[in-house]
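Inspection log for the structure reproduced underneath, given as structure tokens.
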Amino acid sequence: MKKALILCLMFSFSSMADQYSACIDKSDGVTSNIRDCDVQEMERLDHLLNKAYKHIINELKQNEQPEQVNRLKEAQRAWLKYRDANCGFIYSETGGTIDLLNGDGCIIEMTKDRAKQLEEFAEQYD
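For reference, each letter of the sequence shown is one residue, going -17 to -1, 1 to 109 in mature numbering (1 follows the signal peptide of the UniProt record, and there is no 0).
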């Protein structure tokens, strides 16, 4: 079951990234179309991140490691706060519509990186 989760997460990163690229290609450079693609990608990555996070939390609880559960929760809250502050700056950097795309890109990249990091942590429990 655990290996199936990891394989599922790994497959999700590659196949869905292809869908995001295809969506961007079809956007014709129209900001609203690109943002639609961005929103879908942010939702997908958020789902992957939460899936890996919950897997780790469950494993830590099963292994009776409450201190580690608390540390991970604290780390995740801090990471979310940092991501939102960092990307919030980018969303308002110039005041133009490009900020929307740049901010979305920031959220996407930071969430993708964090989801991959959590996936690597989750692999330790296989």
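We treat Cβ as the ideally placed atom computed from N, Cα and C, and that holds for glycine.
query	result
Nearest to Lys19 (by Cα), restricted to the options Phe104, Ile91, Gln107, Gln100	Note that residue 19 is Asp in the sequence shown, not Lys. That would be Ile91, whose Cα lies nearest to the Cα of Asp19.
Sub-7 Å separation of Ile39 and Ala105 beta-carbons	yes
Candidates Tyr74, Asn69, Tyr36, Gly12: closest to Ala58 by CA position	Tyr36
Residue of Glu26, Asn46, Lys64, Thr14 minimising C-alpha distance to Gln107	Asn46
Contact the stretch 92 to 100 vs the stretch 12 to 28: 3+ CB pairs below 8 Å	yes
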